[in-house]
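The numbering of the sequence shown is this note's numbering, which starts it at 314 and goes up by one.
C-beta atoms are modelled at their ideal positions from N, C-alpha and C, and glycine is treated no differently.
Below you'll find the structure, written out as structure tokens, and then a few comments.
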Amino acid sequence: MFLQTWRGKLAQFEGDDAVVLSVADIIAYIDELFPQSLAEEWDNVGLQVGSASSPCRTVMTCLTVTEAAAEHAAEAGVDLIISHHPL
């Protein structure tokens, strides 16, 4: 369901009139599905590093941002890492 919804959301940005999403655009969409207000007080949620206004063309997902995951993201030119465990 999430992937289908995400693809539908991105469809508006495909084709000749393509627009590059910002990190803030992606965070806002994820927050629609999983509101940060539902997180525990002690849980670090939201953008941990970087700027929300940065353009985002590539996204990597992982369970935990390990050193190996961060190195892979850097080598691959990933703009945003979405992880289950916060930094």
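Provide the residue span of the alpha helix (DSSP H) that contains residue i, from first to last.
i    : result
V336 : 336 to 346
Please look up how many angstroms separate the CB atoms of residue i and residue j, rounded, as I've assumed it's under 8 Å.
i    : j    : result
I394 : C369 : The pair is not a contact, with the Cβ atoms about 11 Å apart (cut-off 8 Å).
V362 : L400 : 7 Å
Within a Cβ cutoff of 6 Å, which residues of the same chain sit near residue i, ignoring the five residues on either side of it in sequence?
i    : result
T374 : I395
F315 : Note on F315: pLDDT 48, under 50, position unreliable in the model; the coordinate value appears next. Cβ neighbours of F315 beyond the five flanking positions: none.
N357 : P399
Apart from the five residues on each side of it in sequence, which residues of its chain come closer than 8 Å, Cβ to Cβ, to residue i?
i    : result
A337 : A365, S366
T377 : S396, H397, H398
Uninterrupted beta strand (DSSP E) stretches inside the region 363 to 396 (no shorter than 3 residues): If we require 3 residues or more, the beta strand (DSSP E) runs fully inside the region 363 to 396 come out as 372 to 375, 393 to 396.
The region 360 to 369 in contact with the region 383 to 399 per 3-pair CB rule at 8 Å: Taking 8 Å as the limit for Cβ pairs, the verdict is that the region 383 to 399 does touch the region 360 to 369.
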